[in-house]
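Just so we're aligned, residue 6 is where the sequence shown starts under my numbering, counting upward by one. Positions of the beta carbon are idealized from the N, C-alpha and C atoms, including for glycine. Just so it is clear, the structure is predicted and the values come from calculations on it, not from any experiment.
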Amino acid sequence: MIRTLSSIKLTFVLLFILIFLMSTGVFLVRIDGYKEAIFLMSEVLVYDFFKAHWKDNIVLLIWVLSICATAGLLIINTVFCSFTHQL
């Protein structure tokens with residue numbers, strides 16, 4: 006398990022997924038229904054936005070949670086890579 010979490014292959018896969026998700030956000034802004042929601046999300050706290058509007062914007066909720074999960078896995082990958090390859 007530690008070997009998988011500290012692999013460079015996982016690093017590149019996670020970076021590719023993160024780039025894909027960020028690119029998806031660029032295209033979501035161009036859609037009229039999501040454009041206003043994304044601008045509103047950037048003006049208030051993300052938690053408050055989703056607490057009030059999560060039923061209206063389920064795609065944005067999944068998108069943001071996917072970005073957070075991927076970034077979290079990338080942080081875990083960085084920590085495991087640092088410990089296994091430097092020690």
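Since residue i and residue j are thought to touch, with beta carbons under 8 Å apart, how far apart are those beta carbons, to the nearest angstrom?
i, j, result
"L45", "W68", "Wrong, their Cβ atoms sit about 15 Å apart, outside the cutoff."
"W59", "L50", "13 Å between Cβ atoms; not a contact."
"I81", "L10", "6 Å"
Relative to the C-alpha of residue i, which residue among the options is closest?
i, options, result
"L23", "I63, S71 and L50", "S71"
"I43", "D53, I13 and G30", "G30"
"V61", "T75, I80 and G38", "The sequence as given places Asp at residue 61; Val does not occur at that position. Ranking the options by Cα distance to D61, first place goes to G38."
Tell me whether the beta-carbon of residue i lies closer than 9 Å to the beta-carbon of residue j.
i, j, result
"T83", "R8", "no"
"L26", "L78", "no"
"C86", "I13", "yes"
Unbroken stretches of the alpha helix (DSSP H), 4 residues or longer, contained in the region 25 to 92: Runs of the alpha helix (DSSP H) spanning 4 or more residues and lying entirely within the region 25 to 92 occur at 37 to 48, 51 to 58 and 63 to 91, in chain order.
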